[in-house]
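All remarks here apply to the structure that follows.
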Amino acid sequence: MADARTPGERQFLTPFAELVDRLTVDQIKAVLLPEGQASYSDEMRRISHDLDLIIQERGLRLDGRMIRILVALGQMNLHIWHLKDRMQAEPDRYEAHLKLAHQLNGIRNQLKNRLLEEAGEREKATERSNSGVDGLEGWHVDLV
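What follows is the structure, encoded as structure tokens:
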């Protein structure tokens with residue numbers, strides 16, 4: 000978590016992809032859970048600070064492919080969020096929603112692995128291995 004570090008120091012020790020993922024989840028929470036918006040906004044500000052440092056340190060370039068990965072990651076997180084809500088609202092369809100959420104999480108992890116690659120952080124220790132999407136139809140994310 001954050002502490003009283005100087006403006007040029009990172010506040011989170013997680014890789015670029017995890018920070019982006021956390022940022023997208025905080026953005027979803029800020030919209031869907033307005034009672035916590037101030038704390039989500041504060042964390043998004045701190046995450047953005049660290050992302051800026053990583054981008055500068057590594058000379059990362061924002062291009063169309065990177066933007067597509069970022070957008071797709073946010074979309075997967077929102078779909079997973081809604082599926083979790085449906086699991087509670089539709090207990091008779093709980094297992095179907097859970098299966099789809101698990102499969103979409105596989106796509107989410109594939110996207111995070113691509114961000115790790117883009118940021119030069121794709122090491123076995125940080126790579127997301129649970130990226131299977133067996134039986135998932137109609138959810139192809141083309142980022143070539």
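Sequential numbering from 0 applies to the sequence shown in numbering that gives the first Met the number 0.
For glycine and all other residues, C-beta sits at the position ideal for the given N, C-alpha and C.
What is the rounded straight-line gap between the Cα of L50 and the Cα of E116?
15 Å
Is L31 near M75, with beta carbons less than 8 Å apart?
no
Enumerate in chain order the residues of its own chain whose CB-to-CB distance from E16 is below 6 Å, with the five nearest sequence positions on each side excluded.
Inspection of the sequence shows that residue 16 is occupied by Ala rather than by Glu. The answer, listed in chain order, is K111, L114 and L115.
Tell me where the alpha helix (DSSP H) around A88 begins and ends.
G63 to A88
Rounding to the nearest angstrom, what Cα-Cα distance links H81 and A100 in this structure?
9 Å
Tell me whether the beta-carbon of G73 lies closer than 8 Å to the beta-carbon of T23.
yes
Label D84 either buried or exposed according to how many other C-beta atoms from any shown protein chain fall within 10 Å of its C-beta, with 16 as the threshold for buried.
exposed
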